[in-house]
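Novice: After the structure tokens below, expect a handful of questions from me.
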Amino acid sequence: MSGSHLAALREREEARFHDDHPRSRELAERARTHLVGGVPMQWMSKWPGGFPLFVAEAYGSRFIDVDGHEYVDFCLGDTGSMTGHGPTPTLEAIAAQAARGITLMLPSEDALWVGEELTRRFGLPQWQFALTATDANRFVIRLARHVTDRHKVLVFNYCYHGTVDETFATLVDGEVRSRRGNLGPPVDPSVTTKVVELNDIDALEAALAPGDVACVLAEPALTNVGIVHPEPGFHDALREITRRTGTLLVIDETHTICCGPGGYTAAEGLAPDALTIGKPIAGGIPAAAYGLSEELAGRVGRSLELEDIDVGGVGGTLAGNALSLAAIRATLADVLTAEAYERMIPLAQRWTEGVEDGIAAAGLPWHVTRLGCRAEYLFGPDRPRNGTEANAAGNFALERYMHLYALNRGVLLTPFHNMALMSPATSEADVDHHTQVFRDAVVELAAAG
Ligand SMILES: Cc1ncc(COP(=O)(O)O)c(C=O)c1O
């Protein structure tokens, strides 16, 4: 397909978006006066179409914008609403708890239930809470440095773990460099961070051999640069090398909770020293958790002085608040249940097959990958083995065309990559709607290109 064909299609889609959304356009223009860049978060200006949609309401798998258009939401708040928007059990628990007290700096009984349930799901016996997955990762990194007295962190190339300073590092010609777009790093990330490619066991071995890495922070499969699966044996090697070198293993399940009620960790029998999770566990109410092994919790506990326990750089006034815990309890008990995954995962399989058929019909050299109830297509023929390969299969101009084409026809995909997530409220009809829209988009793209 030629660049001018793609540019003409994009121009047509942009004009349609502009004409179809007068109210969103008007609000976006007004927002420029008092919101930096005209948006509440700067990255929202990256949505295709020239201005973001303003949302009137969201329920289940759908939302309605201020111009009255309805959309099937496969973005689901980039996993924050993987529960579907406003699941009834979570809403009822939030309303009941809000009327009984929102935040106190004292425990509520829900904290016990949640700790027990997280243990049942993920296997780690000791839990603490935060408000975001970013914070959960930050706190665990701090604890890892504290107990190991080592200062480096190891991550996989093209990872994303939230706005954690240590993780904005990448490999350039084998050297660790600051990731493109990293704003105001406190120090050069090569001071704090080692980076290896996922699935490169030799590089992992070499990086951990000096014994200066406090922890490996890893998504069990990469989900933020397309989906990159670990190869058979990779997790066994990761666990064996981390143990042998005295390096703690932290598994970030924030996105891979798409694999099942206990995430990839339970599905594949991983045994990390710590586990972090945020986003959907409270149905979209800010909440996150981190679990520690008995051994790590013991090391942390023995190292703390009561007098200084509130000044350690691990905390947050609102963390562990009663409202978040009530919302987590209801969400885990009645929304993100084993039965829900039994519906969600086949829906992602259906979505994947629909995309595969569209790619074949258009004869494009693309592929699609699934991980539990999450699936994603990339603009390259083969499944990537690591972050570098996945990143190379990205294409900003194509992505914007695909996303805008979908948006103009009532489908929202996750921004910045081609990812779709299924919620308990998603239906086969929702998936089939995407399949039709995807097929039309790629057939037009391939025609006369
Ligand atoms: C794997 C992973 N961990 C952590 C985070 C951070 O989540 P939050 O932005 O809610 O802090 C993200 C965000 O996308 C993520 O993908």
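34 is the number of the first residue of the sequence shown in our numbering; add one for each residue after it.
Think of the CB as a built atom: it goes at the ideal place given N, C-alpha and C, for glycine as much as any other residue.
(1) Ligand 1 and aspartate 111: does the residue's C-beta get closer than 7 Å to at least one heavy atom of that ligand?
(2) Output the residue ranges of the beta strand (DSSP E) runs that lie fully inside the segment 97–158 and measure 3 residues or longer, sorted by chain position.
(3) Hey, is the segment 139–153 in contact with the segment 357–365, meaning 3+ C-beta pairs nearer than 8 Å?
(4) Closest to aspartate 306 by CA distance: which of Asn354, Val173, Gly71 is it?
(5) What is the DSSP secondary structure of tyrosine 191, counted as helix, strand or coil?
(6) Alpha carbon to alpha carbon, how far is serine 223 from valine 209? Give it in angstroms, no decimals.
(7) Closest to serine 35 by C-alpha separation, out of Leu431, Leu250, Val246, Leu124, would be which residue?
(8) Can you tell me whether tyrosine 193 sits near ligand 1, meaning its C-beta is under 7 Å from at least one heavy atom of the ligand?
(9) Mind checking whether the beta-carbon of aspartate 285 lies closer than 7 Å to any heavy atom of ligand 1?
(10) Taking buried to mean at least 16 other C-beta atoms within 10 Å of its own C-beta, is leucine 404 buried or exposed?
(11) Where do the N-terminal and C-terminal ends of the beta strand (DSSP E) with arginine 407 fall, by residue?
(12) Does DSSP put glycine 391 in a helix, a strand or coil?
(13) For alanine 491, verify whether its CB is less than 7 Å away from any heavy atom of ligand 1.
(14) Specify, as a first and last residue, the run of the beta strand (DSSP E) that glycine 36 falls within.
(15) Consult DSSP for valine 464 and reduce its assignment to one of helix, strand or coil.
(16) Whole angstroms is fine: what's the gap from alanine 408's alpha carbon to histidine 288's?
(17) Are the CB atoms of alanine 423 and valine 205 within a distance shorter than 8 Å?
(18) Looking at the structure shown, is phenylalanine 429 part of a helix, part of a strand, or coil, going by DSSP?
(19) Output the boundary residues of the alpha helix (DSSP H) element that contains alanine 304.
(20) Under 8 Å, with one C-beta from each stretch per pair, do the segment 127–134 and the segment 336–346 reach the 3-pair mark?
(21) Considering only their Cβ atoms, is the gap separating histidine 436 from proline 73 smaller than 8 Å?
(22) Please report how far the alpha carbon of phenylalanine 483 lies from the alpha carbon of arginine 383, in whole angstroms.
(23) Rounded to the nearest angstrom, what separates glycine 207 and asparagine 451 at their Cα positions?
(24) Which ranges would you report for the beta strand (DSSP E) in the segment 265–346 if only whole runs of at least 3 residues count?
(25) Under the three-state reduction of DSSP, which class applies to valine 224: helix, strand or coil?
(26) Where valine 475 and valine 388 are concerned, what is the direct C-alpha to C-alpha distance, given to the nearest angstrom?
(27) State buried or exposed for tyrosine 92, treating a residue as buried only when at least 16 other CB atoms are found within 10 Å of its CB.
(28) Which residue marks the beginning of the beta strand (DSSP E) containing threonine 203, and which one marks its end?
(29) Please indicate yes or no: does the CB of histidine 288 lie closer than 7 Å to some heavy atom of ligand 1?
(30) Say yes only if the C-beta of lysine 312 is nearer than 7 Å to one or more non-hydrogen atoms of ligand 1, and no if none qualify.
(31) Whose CA, out of Leu237, Ala64, Asn232, Thr181, lies closest to the CA of leucine 187?
(32) Relative to the C-alpha of threonine 447, which residue among Ala64, Tyr104, Asn190 is closest?
(33) Measure the alpha-carbon distance for leucine 369 versus phenylalanine 267 and round it to whole angstroms.
(34) Look at the alpha carbon of glycine 353 and the alpha carbon of alanine 304, and state the distance between them as a whole number of angstroms.
(35) Per DSSP, glutamate 472 is paired with what?
Specialist: Answer, in terms of the structure:
(1) yes
(2) 103–106
(3) yes
(4) Val173
(5) coil
(6) When only Cα atoms are considered, valine 209 and serine 223 end up about 5 Å apart.
(7) Leu431
(8) Tyrosine 193 Cβ: within cutoff of ligand 1.
(9) yes
(10) Classification of leucine 404: buried, given that the 10 Å Cβ count is 16 or more.
(11) Arginine 407 -> beta strand (DSSP E) spans 407–411.
(12) helix
(13) Lying before the first or after the last residue shown, residue 491 is absent from the chain, which here runs from 34 to 482.
(14) Not the beta strand (DSSP E): glycine 36 falls in the alpha helix (DSSP H), residues 36–53.
(15) helix
(16) 12 Å
(17) no
(18) The three-state secondary structure of phenylalanine 429, taken from DSSP, is helix.
(19) Looking at the DSSP string, alanine 304 is not in any alpha helix (DSSP H), and its letter there is neither H nor E.
(20) no
(21) No, these two residues do not count as a Cβ contact at 8 Å.
(22) Any property of residue 483 remains undetermined from this structure, which presents the chain solely from 34 to 482.
(23) 28 Å
(24) 281–285, 307–310, 321–325
(25) If DSSP states are grouped into helix, strand and coil, valine 224 belongs with the helices.
(26) 10 Å
(27) exposed
(28) 202–205
(29) yes
(30) Closer than 7 Å to some heavy atom of ligand 1: that describes the Cβ of lysine 312.
(31) Leu237
(32) Taking only the C-alpha atoms, the option nearest threonine 447 is Tyr104.
(33) 28 Å
(34) 25 Å
(35) Reading off the sequence, residue 472 comes out as arginine, not glutamate. DSSP output for arginine 472 lists no bridge partner at all.
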